[in-house]
Amino acid sequence: MDKVLIGDILHKVRKENPLVHNITNVVVTNFTANGLLALGASPVMAYAPEEVGDMAKIAGALVLNMGTLNSATVESMIIAGKSANDHGVPVIFDPVGAGATPYRTEMAGRIMREVKISIIRGNAGEIANIAGFQAEVKGVDAGNVQGNQIDLAITAARKLQTIIVVTGKEDVITDGITTFVGRNGHPILTKVTGTGCLLTSVIGAFAAVEKNLLAAAASAVTAYGIAAELAAERTASKGPGNFQMEFLDQLASVSGQHVIEKAFIEQREGEVPENEKSINNSRLR
């Protein structure tokens, strides 16, 4: 992927200051809002069913996050999602913990049936479960998925007819035809709660300013990973608390030049995976 394009989209986020409507979970609300502000976006956290439709239609992007799930939140997500669909606002979905309980899996399916989702971001276990495969999910954390993560992402994108972002040691971003594989980021991200959820909202910020949603998603994942690397370098002798604070600072200062120097992302032209049939018919665990 063109590194200059990634930097250009990052610059557009800061120039346009897009409104990102988040219906997210109570664990990560503060971190998500501060992360978006640091990046240059404008977050709003609106949950009431009486207003979510009005808020979603004026936003640059809508982010739906299932982290702390309940029936009222699901209803608000669907109202907001339908409004976003009606007004051409991209919807980014984070199916946190899908597969951990039947309720989470059922609600993820309902949201995807009733709302046209533009981009879905999750770990391999979550993506496998929402795509109809079986995978072990521990709470809301990544579970175990057997098989090729790239094949899983491509198959899920084709089946769900949306852009899929599978994050992990390698990040896979695909629309089922064109696929990007990124390797930016740092393991310490797993020691700070909400970093995956914030990434989903950062993808929303990039999608709010870039009509090519695949490029937006790939650019967001790359810039985010580079910010994490920079923060980890500056807090190498310290712990996750210091990293968290430094990470917000690096989201504010990561630049196009950093992208040119540090981006590690490659494009792969998608073909029907050799083992697509086996993925659809096997148990991923």
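For the sequence shown, the working numbering begins at 60 and goes up steadily by one.
The beta carbon of each residue, even a glycine, is placed where N, CA and C say it ideally should be.
Quantities reported herein were computed from a predicted structural model and do not represent experimental measurements.
field: Span separating the alpha-carbon of residue 345 from that of residue 150
entry: This structure cannot settle anything about residue 345, because the visible part of the chain is limited to 60 through 344.
query: In its own chain, which residues sit with a C-beta less than 6 angstroms from the C-beta of residue 305, not counting the 5 before and 5 after it?
result: Taking the sequence shown and counting its residues from 1, one reaches residue 305 at position 246. Scanning its chain for C-beta atoms nearer than 6 angstroms, with the 5 sequence neighbours on each side dropped, one finds around residue 305 the residues 290, 293, 294, in chain order.
message: If the criterion is Cβ atoms closer than 9 angstroms, does the pair residue 144 and residue 167 meet it?
response: Position 85 of the sequence shown, counted from the start, is the residue given in the question as residue 144. Position 108 of the sequence shown, counted from the start, is the residue given in the question as residue 167. If you check the CB distance, residue 144 and residue 167 do not come in under 9 angstroms.
query: What separation, rounded to the nearest whole angstrom, lies between the Cα atoms of residue 218 and residue 191?
result: Within the sequence shown, residue 218 is the residue found at index 159, counting from 1. Within the sequence shown, residue 191 is the residue found at index 132, counting from 1. Their Cα atoms are separated by approximately 9 angstroms.
message: If I measure Cβ to Cβ from residue 74 and keep anything under 6 angstroms in the same chain, skipping five residues before and after, which residues do I get?
response: Working through the sequence shown from its first residue, we reach residue 74 at position 15. Nothing listed; no residue qualifies.
field: Contact under 9 angstroms by Cβ, residue 131 with residue 80
entry: Counted from its first residue, the sequence shown places residue 131 at position 72. Counted from its first residue, the sequence shown places residue 80 at position 21. Taking 9 angstroms as the Cβ cut-off, residue 131 and residue 80 do not qualify as a contacting pair.
query: Any idea what DSSP makes of residue 100, helix, strand or coil?
result: Residue numbering aside, residue 100 sits at position 41 when the sequence shown is read from its first letter. Residue 100: coil per DSSP, three-state reduction.
field: Spatial neighbours of residue 86 in its chain, beta-carbon cut-off 7 angstroms, leaving aside the 5 residues before and after
entry: Translated into positions along the sequence shown, residue 86 becomes position 27. Correct list, in chain order: 126, 127, 252, 253.
task: Counting only the same chain and skipping the five closest in sequence on each side, list residues whose C-beta sits under 7 angstroms from that of residue 245.
output: Taking the first residue of the sequence shown as position 1, residue 245 is located at position 186. Within the same chain, residue 245 has close Cβ partners 287, 288, 291.
field: For residue 124, the three-state DSSP class (helix, strand or coil)
entry: If you number the sequence shown from 1, residue 124 lands on position 65. Looking at residue 124 - three-state DSSP - the assignment turns out to be strand.
message: Beta-carbon within less than 7 angstroms of residue 163's beta-carbon, same chain only, minus the 5 sequence neighbours each way: which residues are those?
response: Here the question's residue 163 lines up with position 104 in the sequence shown. 125, 128, 156, 157, listed in sequence order.
- prompt: With a Cβ-Cβ cutoff of 9 angstroms, do residue 241 and residue 264 count as a contact?
  reply: On the sequence shown, position 182 is the one that residue 241 refers to. On the sequence shown, position 205 is the one that residue 264 refers to. For the pair residue 241 and residue 264, the CB atoms are not nearer than the 9 angstroms cut-off.
- request: Decide if residue 201 is buried, meaning its Cβ has at least 16 other Cβ atoms within 10 Å, or exposed.
  value: As a first step, residue 201 must be located in the sequence shown, where it is residue number 142. With a pLDDT of only 46 at residue 201, under 50, the local geometry of the prediction cannot be trusted, and the value read off the model is given with reservation. Answer is buried; the Cβ neighbour count reaches 16.
Helix, strand or coil at residue 66 according to DSSP, with G and I counted as helix: As a first step, residue 66 must be located in the sequence shown, where it is residue number 7. Here residue 66 sits in helix by DSSP.
- prompt: Out of curiosity, what's the CA-to-CA distance linking residue 266 and residue 298?
  reply: Start at 1 with the first residue of the sequence shown, and residue 266 comes out as number 207. Start at 1 with the first residue of the sequence shown, and residue 298 comes out as number 239. Put simply, the backbone Cα of residue 266 is about 32 angstroms away from that of residue 298.
query: Is it buried or exposed for residue 60, if we count other Cβ within 10 angstroms and need 16 for buried?
result: Taking the first residue of the sequence shown as 1, we reach residue 60 at position 1. The C-beta of residue 60 has 16 or more other C-beta atoms within 10 Å across all chains shown, which makes the residue buried.
query: How is residue 230 classed by DSSP in three states: helix, strand or coil?
result: Sequence index remark: in the sequence shown, residue 230 carries index 171 (1-based). Assignment of residue 230 by DSSP, reduced to helix, strand and coil, places it in the strand class.
task: Could you check if residue 78 is buried or exposed, using at least 16 other CB atoms within 10 Å of its CB as the buried criterion?
output: Position 19 of the sequence shown, counted from the start, is the residue given in the question as residue 78. Around the Cβ of residue 78, a 10 Å sphere holds 16 or more other Cβ atoms; the residue is buried.
- prompt: Considering only residues of the same chain and omitting the five flanking positions on each side of residue 250, which have a CB-CB separation below 6 angstroms?
  reply: Counting from one through the sequence shown, the residue named residue 250 turns up at place 191. Within the same chain, residue 250 has close Cβ partners 299.
field: Rounded Cβ spacing between residue 136 and residue 170 (contact assumed at less than 8 angstroms)
entry: Position 77 of the sequence shown, counting from 1, holds the residue named residue 136. Position 111 of the sequence shown, counting from 1, holds the residue named residue 170. Under the criterion of beta carbons closer than 8 angstroms, residue 136 and residue 170 qualify as touching, at roughly 6 angstroms.
message: Measuring straight from C-alpha to C-alpha, what distance separates residue 308 and residue 302?
response: One-based indexing of the sequence shown puts residue 308 at position 249. One-based indexing of the sequence shown puts residue 302 at position 243. Cα to Cα, residue 308 sits roughly 10 angstroms from residue 302.
field: Exposure of residue 107, with buried meaning 16 or more beta-carbon neighbours within 10 Å
entry: Walking along the sequence shown from the start, residue 107 turns up at place 48. That one is exposed.
field: Bridge partners - residue 157, DSSP secondary structure assignment
entry: As a working note, residue 157 is residue 98 in the sequence shown. 160.
message: Considering only the alpha carbon of each residue, which of 221, 228, 183 lies closest to residue 210?
response: On the sequence shown, position 151 is the one that residue 210 refers to. Looking from the CA of residue 210, the closest CA among 221, 228, 183 belongs to 183.
field: For residue 230, the nearest candidate out of 215, 220, 208, 221 (CA to CA)
entry: Within the sequence shown, residue 230 is the residue found at index 171, counting from 1. For the options 215, 220, 208, 221, the alpha carbon positioned closest to that of residue 230 is the one of 208.
query: Is residue 324 near residue 243, with beta carbons less than 9 angstroms apart?
result: In the sequence shown, the residue the question calls residue 324 occupies position 265. In the sequence shown, the residue the question calls residue 243 occupies position 184. For residue 324 and residue 243, yes; Cβs fall inside 9 angstroms.
message: Give me, in chain order, the residues of the same chain whose beta-carbon lies closer than 6 angstroms to that of residue 268; leave out the 5 immediate sequence neighbours on both sides.
response: Mapped onto the sequence shown, residue 268 falls at position 209. The beta carbon of residue 268 lies closer than 6 angstroms to those of 71, 72, 75, 77 in the same chain, with the five residues before and after it left out.
field: One or two residues paired with residue 150 in a DSSP bridge
entry: As a position in the sequence shown, residue 150 is number 91, starting the count at 1. In the DSSP output, where bridge partners are listed per residue, residue 150 has 121.
task: Leaving out five residues on either side along the sequence, give the residues of the same chain with a beta carbon under 6 angstroms from the beta carbon of residue 284.
output: In the sequence shown, the residue the question calls residue 284 occupies position 225. Once the five neighbours on either side are set aside, the close Cβ partners of residue 284 are 243, 244.
- prompt: Near residue 69, which residues of its chain fall below 6 angstroms by C-beta distance, leaving aside the five closest residues on each side in sequence?
  reply: Locating residue 69 in the sequence shown gives position 10, where the first residue counts as 1. The residues are 282.
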